[in-house]
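Participant:
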């Protein structure tokens, strides 16, 4: 009860701060739109052997990957905001109050989740005129998956922010982690095109399962086993990440 | 109100990674305190003496390595949450968000201490009045001057009416007027029954503001008491002698004066200065002038003053606080 109240308190403040600097919406959308316009059309030809006959088919494959990568990268970089707040003494000011430590973390991660979901919805809307078709129910399930992904990657990012001392150190660390994760989850091109060994390697990447689940949902195969597998992997990973990062948060002296 | 015994904390040095041993730095090496209710208690010491570490331990921000501490009836080790409810803490750098206003910060702070929304709004309104923030309290914090920001920081620290308030270097970087204002606020909080603990490296602040002072050096309390009592420990007066600059002049003058019976203590300061501690300065000045004259040393200036807390620091540590 206290945790829920405190989380809501932190979340409210974080959302207020976000609304005061709305530039993030533009920044979060411009890049994906470039990918939609300038990269996705290439896929029609590339995916043709796999049975993609139209642009709509190509977008069905590409948009879920794009949304997943948005949440993975967006989440992983959110630790920078925590570093800023640590430096400004805002976290310390909160830590001397009886407010729940987990709430300080969850409130911030939830803010990031909401921000990324808003961006995801906008990108989905923008993709509709390109021929993307997806049923509302499947879309909702996909957003659930995305929300959990964002929560997980934000929690991981906060953990990294607590371990690296400066912005300068954080950027290369996050990039180094994010790049193989993105490549090994087939967000640009589906891994069905990949050689066997690459596919086998990708199976060790939890984000691969998430992207597979997303793709199945966007192609209307809600009963596909990759959907529940993706959800399961993401739920477990989210719980572990939040636990890890919350532990760091409450023990680390900053 | 605050009782500690043997409070200590050491850090592992970060520089020597994986080279085998990791040397530890003792930031605080056993601090015993007894602060009474309604006191303004000061930690005076140079930067790096362990003042801030001690304060952060008492404010539950750092876990001490050992010792015992109780604050307003709550045990620091077994009930940190209880301590948090009873104390307020204002860090040296404050902790406000640039894009929100003082009022919004005050409301959030009150709510983080558990107040319901309506009650928090009321408390913020009260704090805006009490700390004279109403003129600018609805503008974003980024627009405040240093003095205004400090007032907001302190208002945030006491929004929940704590029994004990910890202030870390509350007047660093403030202009004299803001500084006087902060002192006034601290005194006002004391009259409302709050116990206030401040750290400072300003001698005059410790002297003028604090009821009792602990002089801290290298993680230990080297002297403790009221500023008056501490200064009384230093014998009577301090005489500062300025000499004509010249090679070995100060050393020669020191040799001449050391055997003088009225002298308690002598410190050479640089090439051309002596600091003498003696019982009755006014009576001793003619005698020491005569002694110096007899040895062919010409004093340039002679100044008589009451001992300051710096003299206490010097007597205990062999260093001057103003130099370290």
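Residue numbers (this note's numbering), protein chains in the order written: chain R, 771 to 1024; chain Z, 107 to 430. Using N, Cα and C, we set each Cβ at its ideal position, and we do this for glycine too. This one's a predicted model, so the numbers in the text were calculated from it and none came from an experiment.
Which first and last residues belong to the alpha helix (DSSP H) in which residue 855 of chain R is found?
Facilitator: Indexing the first chain from 1 puts residue 855 of chain R at position 85. Start and end: 849-857.
Participant: Mark residue 162 of chain Z as exposed unless 16 or more other C-beta atoms lie within 10 angstroms of its C-beta, in which case mark it buried.
Facilitator: The residue you call residue 162 of chain Z lines up with position 56 of the second chain. Flag for residue 162 of chain Z reads buried.
Participant: So residue 786 of chain R contacts chain Z; which residues on that side make the cut at Cβ distance below 8 Å?
Facilitator: By one-based count along the first chain, residue 786 of chain R stands at place 16. Result: 206, 210.
Participant: DSSP on residue 333 of chain Z, reduced to helix/strand/coil?
Facilitator: Position 227 of the second chain holds residue 333 of chain Z. The answer is helix: DSSP assigns residue 333 of chain Z an H, G or I state.
Participant: Going by Cα to Cα distance, which pick from R:995, R:1017, R:980, R:991 is closest to residue 1007 of chain R?
Facilitator: Reading the first chain from its first residue, position 237 is the one you call residue 1007 of chain R. Among R:995, R:1017, R:980, R:991, the Cα nearest to that of residue 1007 of chain R belongs to R:980.
Participant: Would you call the CB atoms of residue 159 of chain Z and residue 133 of chain Z closer than 8 Å?
Facilitator: Here residue 159 of chain Z refers to the residue found at position 53 of the second chain. Here residue 133 of chain Z refers to the residue found at position 27 of the second chain. Their beta carbons are under 8 Å apart, which means residue 159 of chain Z touches residue 133 of chain Z by this criterion.
Participant: Does the pairing of the region 335-355 of chain Z with the region 173-180 of chain Z give three or more beta-carbon distances under 8 Å?
Facilitator: No contact exists between the region 335-355 of chain Z and the region 173-180 of chain Z.
Participant: Where DSSP assigns a beta bridge to residue 343 of chain Z, which residues make up the other side?
Facilitator: Taking the first residue of the second chain as 1, we reach residue 343 of chain Z at position 237. Its beta-bridge partners are Z:384.
Participant: So with CB distances below 7 Å, who are the chain R contacts of residue 219 of chain Z?
Facilitator: Taking the second chain and counting its residues from 1, one reaches residue 219 of chain Z at position 113. Residues of chain R passing the Cβ test: 867, 868.
Participant: To be precise: take each residue of the region 261-272 of chain Z, compare its Cβ to all Cβ atoms of chain R, and keep it if any distance is under 9 Å. Which residues remain?
Facilitator: Under the 9 Å Cβ criterion, the region 261-272 of chain Z contributes 262, 263, 266, 272.
Participant: How far does the beta strand (DSSP E) with residue 373 of chain Z in it reach, from first residue to last?
Facilitator: Within the second chain, numbered from 1, the residue matching residue 373 of chain Z stands at position 267. Unbroken beta strand (DSSP E) run through residue 373 of chain Z: 369-375.
Participant: Run through the DSSP bridge pairs and tell me what residue 130 of chain Z is partnered with.
Facilitator: The sequence position of residue 130 of chain Z within the second chain is 24, counting from 1. Partner(s): Z:118.
Participant: Relative to the C-alpha of residue 233 of chain Z, which residue among Z:216, Z:304, Z:422, Z:384 is closest?
Facilitator: Against the second chain, residue 233 of chain Z aligns to sequence position 127. Of Z:216, Z:304, Z:422, Z:384, the residue nearest in Cα terms is Z:216.
Participant: Which residues in chain Z have a C-beta closer than 9 Å to the C-beta of residue 858 of chain R? List them in chain order.
Facilitator: Numbered from its first residue, the first chain carries residue 858 of chain R at position 88. Those within 9 Å of residue 858 of chain R in chain Z are 199, 200, 201, 202, 203, 204.
Participant: What residues of chain R sit near residue 167 of chain Z, judged by a beta carbon separation below 8 Å?
Facilitator: Taking the first residue of the second chain as position 1, residue 167 of chain Z is located at position 61. What residue 167 of chain Z touches in chain R: 862, 865, 866, 1023.
Participant: Helix, strand or coil for residue 906 of chain R? Go by DSSP, reduced to three states.
Facilitator: Counting from 1 along the first chain, the entry for residue 906 of chain R is found at position 136. Of the three classes helix, strand and coil, the one that applies to residue 906 of chain R here is helix, per DSSP.
Participant: DSSP puts residue 272 of chain Z in a beta bridge; with which residues?
Facilitator: Within the second chain, residue 272 of chain Z is the residue found at index 166, counting from 1. Per DSSP, Z:195, Z:303.
Participant: At a CB-CB cut-off below 9 Å, which residues of chain Z make contact with residue 848 of chain R?
Facilitator: Start at 1 with the first residue of the first chain, and residue 848 of chain R comes out as number 78. Ordered by position in chain Z, no residue passes the 9 Å Cβ test against residue 848 of chain R, which lies about 17 Å from the chain.
Participant: Mind checking residue 153 of chain Z: buried by the 16 CB within 10 Å criterion, or exposed?
Facilitator: Walking along the second chain from the start, residue 153 of chain Z turns up at place 47. Result: exposed.
Participant: If you compare alpha carbons, which of R:775, R:922, R:813, R:844 is closest to residue 794 of chain R?
Facilitator: Position 24 of the first chain, counting from 1, holds the residue named residue 794 of chain R. The shortest Cα separation from residue 794 of chain R among R:775, R:922, R:813, R:844 belongs to R:844.
Participant: Any idea if residue 801 of chain R is buried or exposed, counting beta-carbon neighbours within 10 angstroms, 16 or more meaning buried?
Facilitator: The residue given as residue 801 of chain R occupies position 31 in the first chain. Exposed is the call here.
Participant: Using C-beta distances below 6 Å, list every residue in its chain close to residue 125 of chain Z, excluding the 5 sequence neighbours before and after it, in chain order.
Facilitator: Taking the second chain and counting its residues from 1, one reaches residue 125 of chain Z at position 19. Note that residue 125 of chain Z scores 49 on pLDDT, short of 50, meaning its location in the model is unreliable; the coordinates nonetheless yield the value given after this. If we look at residue 125 of chain Z and ignore the five residues flanking it on each side, it has no Cβ neighbours.
Participant: May I have the straight-line CA-CA distance separating residue 191 of chain Z from residue 796 of chain R, to the nearest angstrom?
Facilitator: Numbered from its first residue, the second chain carries residue 191 of chain Z at position 85. Numbered from its first residue, the first chain carries residue 796 of chain R at position 26. When rounded, the distance between both Cα atoms is 42 Å.
Participant: Is there a C-beta anywhere in chain R that falls below 8 Å from the one on residue 187 of chain Z?
Facilitator: In the second chain, counting from the first residue as 1, residue 187 of chain Z sits at position 81. Yes - at least one Cβ of chain R is within 8 Å of the one on residue 187 of chain Z.
Participant: Pick helix, strand or coil for residue 109 of chain Z, following the three-state DSSP scheme.
Facilitator: Start at 1 with the first residue of the second chain, and residue 109 of chain Z comes out as number 3. Strand, per DSSP.
Participant: State the DSSP-derived secondary structure class of residue 146 of chain Z, mapped to helix, strand or coil.
Facilitator: Counting from one through the second chain, the residue named residue 146 of chain Z turns up at place 40. Residue state, collapsed to three classes: strand.
Participant: Mapping DSSP to helix, strand and coil, what is residue 969 of chain R?
Facilitator: The residue given as residue 969 of chain R occupies position 199 in the first chain. Helix at residue 969 of chain R.
Participant: Taking the alpha-carbon of residue 347 of chain Z as reference, which of Z:136, Z:328, Z:374 has the nearest alpha-carbon?
Facilitator: Position 241 of the second chain, counted from the first residue, corresponds to residue 347 of chain Z. Among Z:136, Z:328, Z:374, the Cα nearest to that of residue 347 of chain Z is on Z:374.
Participant: Tell me which residues share the same chain as residue 1023 of chain R and place their Cβ nearer than 7 Å to its Cβ, disregarding the 5 neighbours each side in the sequence.
Facilitator: Residue 1023 of chain R sits at position 253 when you count from the first residue of the first chain. Residue placement at residue 1023 of chain R cannot be trusted, given a pLDDT of 48 that sits under 50; the coordinates are not used to answer.
Participant: Would you check if the distance between the CB atom of residue 277 of chain Z and the CB atom of residue 311 of chain Z is smaller than 8 Å?
Facilitator: The count along the second chain starts at 1 and reaches residue 277 of chain Z at position 171. The count along the second chain starts at 1 and reaches residue 311 of chain Z at position 205. Yes, these two residues count as a Cβ contact at 8 Å.
Participant: Can you confirm whether residue 779 of chain R, when its beta carbon is compared against all beta carbons of chain Z, has any partner nearer than 8 Å?
Facilitator: Position 9 of the first chain, counted from the first residue, corresponds to residue 779 of chain R. Closer than 8 Å: yes.
Participant: Taking all protein chains shown into account, do 16 or more other C-beta atoms lie within 10 angstroms of the C-beta of residue 140 of chain Z, making it buried, or fewer, making it exposed?
Facilitator: The count along the second chain starts at 1 and reaches residue 140 of chain Z at position 34. That one is exposed.
Participant: Classify residue 135 of chain Z as helix, strand or coil using the three-state DSSP reduction.
Facilitator: Translated into positions along the second chain, residue 135 of chain Z becomes position 29. It is a strand residue.
Participant: Among all the DSSP beta bridges, which residues are the ones paired with residue 174 of chain Z?
Facilitator: Numbered from 1 along the second chain, position 68 holds the residue referred to as residue 174 of chain Z. Answer by DSSP bridge pairing, in chain order: Z:111.
Participant: Quick one, are the C-beta atoms of residue 803 of chain R and residue 930 of chain R less than 8 Å apart?
Facilitator: Residue 803 of chain R sits at position 33 when you count from the first residue of the first chain. Residue 930 of chain R sits at position 160 when you count from the first residue of the first chain. Against a cut-off of 8 Å, the Cβ pair of residue 930 of chain R and residue 803 of chain R comes out as no contact.
Participant: Examine chain R for any beta-carbon lying closer than 8 Å to the beta-carbon of residue 418 of chain Z, and answer yes or no.
Facilitator: The sequence position of residue 418 of chain Z within the second chain is 312, counting from 1. Not closer than 8 Å to any Cβ of chain R, the Cβ of residue 418 of chain Z fails to qualify, so no.
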